[in-house]
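Student:
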Amino acid sequence: MLNEEERKELYPLGEFRHSYPRLIRRLAEAMTAMMADRDYTDLTLECDGEKFPVHKLVLCTQSEVLKAASEERWKEGKEGVIHIEGFDSLTVRRMVEFLYTGDYGQGKPDYVHVDPHNREMYDWDEPFSEEEENYSGDSEDVDTLHSKYPRTLTESEEMKHDFINAVEPHICVHAIADYYMIDDLKDLAKNKAKVTLEKQGWSSRGFLEVANYAFETTMPPKTPEEERQYYGKEILRDVIVRVALEHLNDITLLEDFDKWELHPQFAVILLRNQAAKYKSDREEWAQEKKDREKEGWNQINSWCKLMNDLDIERRRNSRMKRCIDAIRELKTCRNCNCTFNATVHSPRHETVTLDGEEHHIEKYVVRCKECLNTKHPRRNRGWNTASGWGEQATRG
Numbered sequence: 001m002l003n004e005e006e007r008k009e010l011y012p013l014g015e016f017r018h019s020y021p022r023l024i025r026r027l028a029e030a031m032t033a034m035m036a037d038r039d040y041t042d043l044t045l046e047c048d049g050e051k052f053p054v055h056k057l058v059l060c061t062q063s064e065v066l067k068a069a070s071e072e073r074w075k076e077g078k079e080g081v082i083h084i085e086g087f088d089s090l091t092v093r094r095m096v097e098f099l100y101t102g103d104y105g106q107g108k109p110d111y112v113h114v115d116p117h118n119r120e121m122y123d124w125d126e127p128f129s130e131e132e133e134n135y136s137g138d139s140e141d142v143d144t145l146h147s148k149y150p151r152t153l154t155e156s157e158e159m160k161h162d163f164i165n166a167v168e169p170h171i172c173v174h175a176i177a178d179y180y181m182i183d184d185l186k187d188l189a190k191n192k193a194k195v196t197l198e199k200q201g202w203s204s205r206g207f208l209e210v211a212n213y214a215f216e217t218t219m220p221p222k223t224p225e226e227e228r229q230y231y232g233k234e235i236l237r238d239v240i241v242r243v244a245l246e247h248l249n250d251i252t253l254l255e256d257f258d259k260w261e262l263h264p265q266f267a268v269i270l271l272r273n274q275a276a277k278y279k280s281d282r283e284e285w286a287q288e289k290k291d292r293e294k295e296g297w298n299q300i301n302s303w304c305k306l307m308n309d310l311d312i313e314r315r316r317n318s319r320m321k322r323c324i325d326a327i328r329e330l331k332t333c334r335n336c337n338c339t340f341n342a343t344v345h346s347p348r349h350e351t352v353t354l355d356g357e358e359h360h361i362e363k364y365v366v367r368c369k370e371c372l373n374t375k376h377p378r379r380n381r382g383w384n385t386a387s388g389w390g391e392q393a394t395r396g
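This is the structure:
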């Protein structure tokens with residue numbers, strides 16, 4: 001729920017806020033009409049001999065640089081003409097279009113789609129021949145094969161120009177927005193460049209030219225304050241580097257890649273990213289190796305425990321078999337001389353040590369049914385599941 005101050009700030013028209021949608025639409029139409037109408041213009045931008053009549057109210061409220069340049073204490077302010085150098089007239093036109101409408105166009109289709117599998121656009125290596133597949137391994141043969149089947153990618157000039165024509169306008173708009181400190185236009189140009197790079201048919205040559213220009217017209221944060229301002233915010237350089245890393249293999253396969261002069265900061269960032277990736281991959285591989293070794297040792301330990309348990313069970317079964325055989329051999333009870341008729345007492349749970357390991361066992365006692373109730377102590381043989389038969393004193 002908004003308080004009164006927040007309501008006034010958000011809705012300065014108060015009770016007329018219901019007219020906002022209509023007002024916004026009318027303002028947009030009026031601004032577009034003002035851009036096309038030279039009436040009431042009080043400032044002119046001039047670039048490459050082309051003049052753009054504009055309104056100070058529109059430009060100076062969106063750019064502090066243009067506002068300062070239009071002040072009367074400067075020559076431009078007195079003459080009412082600001083000369084723009086370092087940019088072409090198309091870029092200036094796009095900037096003016098944005099200042100009036102909040103967007104800009106390119107004057108041609110946004111994207112030029114190129115089929116990367118079209119052999120007229122890409123000259124790929126031919127498939128290996130039988131001669132190459134069965135080469136002898138001599139250095140002369142390898143050199144001959146490499147000259148016949150180059151391991152590089154050749155791009156057509158048409159593809160390069162299409163790529164540059166689609167992406168470069170946004171880089172130029174970003175540059176002029178940065179120069180005149182128009183942050184909204186700067187973000188818009190970056191986003192348009194990002195989308196175009198994703199949709200445009202790829203050209204490594206075209207990208208390298210665009211990337212160099214992007215790094216020439218942008219600067220990295222210089223101070224901690226600037227770093228905090230841009231922290232977590234994607235800038236044009238980030239977009240260029242991300243695309244370069246995604247297509248790094250295609251770029252390095254260019255037949256004349258070794259002759260390209262990359263912007264020093266661009267090259268440094270690529271090298272640092274690859275070094276960080278290499279380090280991360282090595283750490284990941286090392287961890288995977290440790291995990292595999294640990295898993296292997298766990299499997300070995302589990303196997304050894306299983307074999308040990310099987311050996312214990314085998315010995316128990318062997319002792320149980322001997323017990324059964326011994327009971328079968330009994331004919332008469334040695335105490336009462338009656339025909340032996342055995343009964344087995346309930347087991348007692350004991351802990352014994354076998355081969356240095358403790359085992360929980362059940363100990364059974366076998367007795368003759370005929371002399372169980374006698375008052376005198378008797379010597380009865382007991383069966384121990386761990387050690388077998390044993391003599392013990394019991395009272396019936």
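Heads up: the sequence shown begins at 1 in UniProt numbering, then just goes up one per residue.
All residues carry an ideal CB built from backbone N, CA and C; glycine is no exception.
Cα-Cα, which of 208, 321 and 55 is closest to residue 34?
Tutor: Taking the sequence shown and counting its residues from 1, the one referred to as residue 34 is at position 34. Among 208, 321 and 55, the Cα nearest to that of residue 34 belongs to 55.
Student: Using DSSP with H/G/I as helix, E/B as strand and the rest coil, what is residue 314?
Tutor: Looking up residue 314 in the sequence shown gives position 314. Residue 314 sits in a helix when the DSSP states are folded into three classes.
Student: Report yes if the CB atom of residue 312 is closer than 8 Å to the CB atom of residue 359, and no otherwise.
Tutor: Reading the sequence shown from its first residue, position 312 is the one you call residue 312. Reading the sequence shown from its first residue, position 359 is the one you call residue 359. Yes, Cβ-Cβ distance for residue 312 and residue 359 is below 8 Å.
Student: Does residue 367 come out as helix, strand or coil in the three-state DSSP assignment?
Tutor: By one-based count along the sequence shown, residue 367 stands at place 367. Of the three classes helix, strand and coil, the one that applies to residue 367 here is strand, per DSSP.
Student: Residue 387: buried (16+ other C-beta within 10 angstroms of its C-beta) or exposed?
Tutor: Position 387 of the sequence shown, counted from the start, is the residue given in the question as residue 387. Below a pLDDT of 50, predicted positions are generally treated as unreliable, and residue 387, at 49, falls in that range; no measurement from the model is reported.
Student: The beta strand (DSSP E) spanning residue 82 covers which residue range?
Tutor: The sequence position of residue 82 within the sequence shown is 82, counting from 1. Note, residue 82: beta strand (DSSP E), 81–83.
Student: In the DSSP output, which residue or residues are listed as bridge partners for residue 361?
Tutor: As a working mapping, residue 361 is identified with position 361 in the sequence shown. Answer is 350.
Student: Name the DSSP beta bridge partners of residue 53, please?
Tutor: Looking up residue 53 in the sequence shown gives position 53. Bridge partners of residue 53: 44.
Student: With 16 as the cutoff for other CB atoms within 10 Å, does residue 307 come out buried or exposed?
Tutor: As a first step, residue 307 is located in the sequence shown; it is residue number 307 there, counting from the start. Flag for residue 307 reads exposed.
Student: Excluding sequence positions up to five away, which residues of its chain have a Cβ less than 8 Å from the Cβ of residue 305?
Tutor: Locating residue 305 in the sequence shown gives position 305, counting from the first residue. Answer for residue 305: no residue qualifies.
Student: Is it the case that the region 85–94 contacts the region 33–53, given that we only count it when at least three CB pairs across the two stretches are under 8 Å?
Tutor: Taking 8 Å as the limit for Cβ pairs, the verdict is that the region 85–94 does touch the region 33–53.
Student: Which value, in whole angstroms, describes the spacing of the CA atoms of residue 111 and residue 26?
Tutor: The residue labelled residue 111 in the question sits at position 111 within the sequence shown. The residue labelled residue 26 in the question sits at position 26 within the sequence shown. With a pLDDT of 34 at residue 111, under the threshold of 50, the modelled position of that residue is not reliable, and the figure given next carries that caveat. Each residue's alpha carbon lies about 31 Å from the other.
Student: Evaluate residue 21 with the Cβ neighbour count: other Cβ atoms within 10 Å of its Cβ, from every protein chain shown; 16 or more gives buried, anything less gives exposed.
Tutor: In the sequence shown, residue 21 corresponds to position 21, counting from 1. Flag for residue 21 reads exposed.
Student: What would DSSP say about residue 218, mapped onto helix, strand or coil?
Tutor: Position 218 of the sequence shown, counted from the start, is the residue given in the question as residue 218. If DSSP states are grouped into helix, strand and coil, residue 218 belongs with coil.
Student: When you compare only the Cα positions, how much space is there between residue 245 and residue 211?
Tutor: Mapped onto the sequence shown, residue 245 falls at position 245. Mapped onto the sequence shown, residue 211 falls at position 211. When rounded, the distance between both Cα atoms is 12 Å.
Student: What is the DSSP secondary structure of residue 254, counted as helix, strand or coil?
Tutor: For the purposes of this step, residue 254 is taken as residue 254 along the sequence shown, with counting starting at 1. In this structure, residue 254 counts as strand in the three-state DSSP scheme.
Student: State the Cα-Cα distance for the pair residue 97 and residue 238, rounded to the nearest angstrom.
Tutor: Walking along the sequence shown from the start, residue 97 turns up at place 97. Walking along the sequence shown from the start, residue 238 turns up at place 238. Spanning the two alpha carbons is a distance of roughly 26 Å.
Student: Which residue marks the beginning of the alpha helix (DSSP H) containing residue 341, and which one marks its end?
Tutor: Within the sequence shown, residue 341 is the residue found at index 341, counting from 1. Counting along the chain, residue 341 falls outside any alpha helix (DSSP H), and DSSP gives it neither H nor E.
Student: In the DSSP assignment, find the alpha helix (DSSP H) that holds residue 93 and state where it starts and stops.
Tutor: Along the sequence shown, read from residue 1 onward, the residue named residue 93 stands at position 93. Looking at the DSSP string, the run of the alpha helix (DSSP H) that includes residue 93 is 89–101.
Student: Does DSSP classify residue 413 as helix, strand or coil?
Tutor: As displayed, the chain neither begins before 1 nor continues past 396, which places residue 413 out of reach and without an answer.
Student: Taking buried to mean at least 16 other C-beta atoms within 10 Å of its own C-beta, is residue 171 buried or exposed?
Tutor: On the sequence shown, residue 171 is found 171 positions in, with the first residue counted as 1. Looking at its Cβ environment, which holds 16 or more other Cβ atoms inside 10 Å, residue 171 is buried.
Student: For residue 332, which residues does DSSP report across the bridge?
Tutor: Taking the first residue of the sequence shown as 1, we reach residue 332 at position 332. Per DSSP, 339.
Student: Rounding to the nearest angstrom, what Cα-Cα distance links residue 60 and residue 74 in this structure?
Tutor: Taking the sequence shown and counting its residues from 1, one reaches residue 60 at position 60. Taking the sequence shown and counting its residues from 1, one reaches residue 74 at position 74. Approximately 15 Å between the Cα atoms of the pair.
Student: Residue 236 and residue 214 - do their beta-carbons sit closer together than 8 Å?
Tutor: Here residue 214 is taken as the residue at index 214 of the sequence shown, counted from 1. Here residue 236 is taken as the residue at index 236 of the sequence shown, counted from 1. Yes, these two residues count as a Cβ contact at 8 Å.
Student: Nearer than 7 Å: is that true of the beta carbon of residue 188 relative to any heavy atom of the ligand GTP?
Tutor: The model depicted lacks the ligand GTP and carries no ligand whatsoever.
Student: Measuring CA to CA, which of 266, 233 and 234 is closest to residue 248?
Tutor: For the purposes of this step, residue 248 is identified with residue 248 of the sequence shown, where counting begins at 1. For the residues 266, 233 and 234, the minimum Cα distance to residue 248 belongs to 266.
Student: Label residue 5 either buried or exposed according to how many other C-beta atoms from any shown protein chain fall within 10 Å of its C-beta, with 16 as the threshold for buried.
Tutor: As a position in the sequence shown, residue 5 is number 5, starting the count at 1. The residue is exposed, with fewer than 16 neighbouring Cβ atoms inside 10 Å.
Student: Under the assumption that residue 201 contacts residue 257 (Cβ atoms under 8 Å), give the Cβ distance between them as a whole number of angstroms.
Tutor: Sequence index remark: in the sequence shown, residue 201 carries index 201 (1-based). Sequence index remark: in the sequence shown, residue 257 carries index 257 (1-based). Contact doesn't hold; Cβ gap of about 19 Å is too wide.
Student: If contacts are defined as beta-carbon pairs under 8 Å, then residue 42 and residue 77 qualify, I think. What distance do you get, rounded to the angstrom?
Tutor: Stepping through the sequence shown from its first residue, residue 42 is reached at position 42. Stepping through the sequence shown from its first residue, residue 77 is reached at position 77. Between residue 77 and residue 42 the Cβ distance is about 11 Å, and since that is not below 8 Å, they are no contact.
Student: Should residue 318 go down as buried or exposed, given a rule of 16 or more other Cβ atoms within 10 Å for buried?
Tutor: Taking the sequence shown and counting its residues from 1, one reaches residue 318 at position 318. Exposed, by the Cβ-count rule.
Student: Can you tell me whether DSSP reads residue 66 as helix, strand or coil?
Tutor: Locating residue 66 in the sequence shown gives position 66, counting from the first residue. Reduced to three states, the DSSP call for residue 66 is helix.
Student: For residue 204, tell me which candidate among 368, 159, 194 and 363 has the shortest Cα-Cα distance.
Tutor: Residue mapping note: residue 204 aligns to position 204 of the sequence shown, counting from 1. Nearest C-alpha to residue 204: 159.
Student: Report back the beta-carbon spacing between residue 99 and residue 58 to the nearest angstrom; my notes put them in contact at under 8 Å.
Tutor: Start at 1 with the first residue of the sequence shown, and residue 99 comes out as number 99. Start at 1 with the first residue of the sequence shown, and residue 58 comes out as number 58. That belief holds up - the Cβ atoms of residue 99 and residue 58 are roughly 6 Å apart, short of 8 Å.
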